[in-house]
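**Student:**
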Amino acid sequence: MFDLTGKCALVTGASGGIGGEIARALYAAGATVGLSGTRLEPLQALAAELGERAHVLPCNLSDLAAVDELIKQATTAMGSLDILVNNAGITRDNLFMRMSDEEWQSVIDVNLTATFRLMRGALRGMMKARWGRIINITSVVGHSGNPGQANYAAAKAGTLAMSKSLAQEVASRNITVNCVAPGLIETPMTEKLNDEQRAKILVGVPAGRMGKPQEVAAGVLYLASQEAAYITGTTLHINGGGDMS
Amino acid sequence: MSDIADRVKKIVVEHLGVEAEKVTETASFIDDLGADSLDTVELVMAFEEEFGIEIPDDAAETIQTFGDAVKFISSAA
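Just so you know, the protein sequences line up as chains A and B, in that order. Quick note: the first sequence, position 228, residue 228 per our numbering, numbers continuous. Every number in our numbering is 1000 more than the matching position in the second sequence, counting from 1.
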């Protein structure tokens, strides 16, 4: 149904569980895909698995100069940049009273400031093309807050409001800006949880199970598609019905 | 008309979809030619690319009319 043939997409954090599935979904729909991340090996493995429309574009998003370069590299490698998926994120959890400036700043830099810079860089080409899709992966905690994650929750809530602001500025140019907010998803990160922790988390999830990365990727694919042209400034919650407040 | 003015006019006509006759020396992009604030940002970006120059934000703010644009670009290019 969703055909992205001829479109070029950059996915940050493509070496991670969710980012990798997003890249697979966009690629399967026909897009050329730029895979960005800090770990070269998984990126190369994913590119080899996908095929010739995949490009490896390593970037450390905590290096803000490199962030500006990434857009140029992606455009050069793929020919254009039509779809930007800001998926990369880091956590530096700590209780609020113990949180250091460094823990705060590093999460804001990667999760909020790098997202801002990537969007700003990508807009020039999208404005000219009169077409663009920006999808920011936020989180349920950007809405609900979470103990120990004041920095992460602030960055995600900031991304949400930033996306809504930009969505209003560029809607007339056929550029949409949306967020996808996953709940608890089965990734290497959540594999570390023990059974007791899982059970506790799932109490608040009507679906009674964790989500799959593919289920997040499907939402991203939809928002990237032509069919979603009339959706902008919104958040698609993919959380099994958790946090309906 | 100078070569620069011709090139600027071509960009304005194409971008804003207005008739060339309306793009006069004193024509304001926003008040006379129907541009919105985003259009003016795009025009400045287009000028930068066409002429290979950098137009800083504070200078961009002073470019309100077609004549302003030609004058600024003539002095910078």
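Note that CB positions come from ideal geometry on N, CA and C, so glycine has one too.
Report the start-end ranges of each beta strand (DSSP E) in the stretch 108-173 of chain A that is 3 residues or longer and not cut off at the edges.
**Tutor:** As far as the stretch 108-173 of chain A is concerned, its whole beta strand (DSSP E) runs of at least 3 residues are 132-137.
**Student:** Consult DSSP for Leu1038 (chain B) and reduce its assignment to one of helix, strand or coil.
**Tutor:** Three-state DSSP puts Leu1038 (chain B) in a helix.
**Student:** So, at 8 Å on beta carbons, what are the nonlocal neighbours of Asn60 (chain A) in its own chain, with the 5 sequence-adjacent residues on each side left out?
**Tutor:** Only Thr38 and Ala66 meet the Cβ criterion.
**Student:** In chain B, which residues lie with their C-beta within 9 Å of the C-beta of Met127 (chain A)?
**Tutor:** Under the 9 Å cutoff, chain B gives Leu1038, Val1041, Glu1042 and Met1045.
**Student:** Give a yes or no on whether the C-beta atoms belonging to Thr190 (chain A) and Met210 (chain A) are separated by under 8 Å.
**Tutor:** For Thr190 (chain A) and Met210 (chain A), yes; Cβs fall inside 8 Å.
**Student:** Are the C-beta atoms of Arg120 (chain A) and some chain B residue less than 8 Å apart?
**Tutor:** So no, Arg120 (chain A) is outside the interface.
**Student:** Could you tell me the boundaries of the beta strand (DSSP E) in which Thr176 (chain A) lies?
**Tutor:** Where Thr176 (chain A) is concerned, the enclosing beta strand (DSSP E) stretches over Ile175 to Pro182.
**Student:** Going along chain B, which residues have a C-beta under 7 Å from Arg124 (chain A)?
**Tutor:** Within 7 Å Cβ-Cβ: Met1045.
**Student:** For Thr187 (chain A), which residues of its own chain have a beta-carbon under 8 Å away from its beta-carbon, when the five flanking residues on both sides are left out?
**Tutor:** If we look at Thr187 (chain A) and ignore the five residues flanking it on each side, its Cβ neighbours are Gly16, Gly17, Ile18 and Pro213.
**Student:** Residues bridged to Thr235 (chain A) by DSSP?
**Tutor:** According to DSSP, Thr235 (chain A) bridges with A:Cys179.
**Student:** Mind checking whether Asp68 (chain A) and Arg117 (chain A) have CB atoms under 8 Å apart?
**Tutor:** Yes. Within cutoff.
**Student:** Using a Cβ cut-off of 7 Å, pull out every chain B residue sitting near Glu169 (chain A), in sequence order please.
**Tutor:** In chain order: Leu1038.
**Student:** Ordered along the chain, which non-local residues of its own chain (more than five positions away) have a Cβ less than 6 Å from that of Tyr222 (chain A)?
**Tutor:** Result list for Tyr222 (chain A): Ala228, in chain order.
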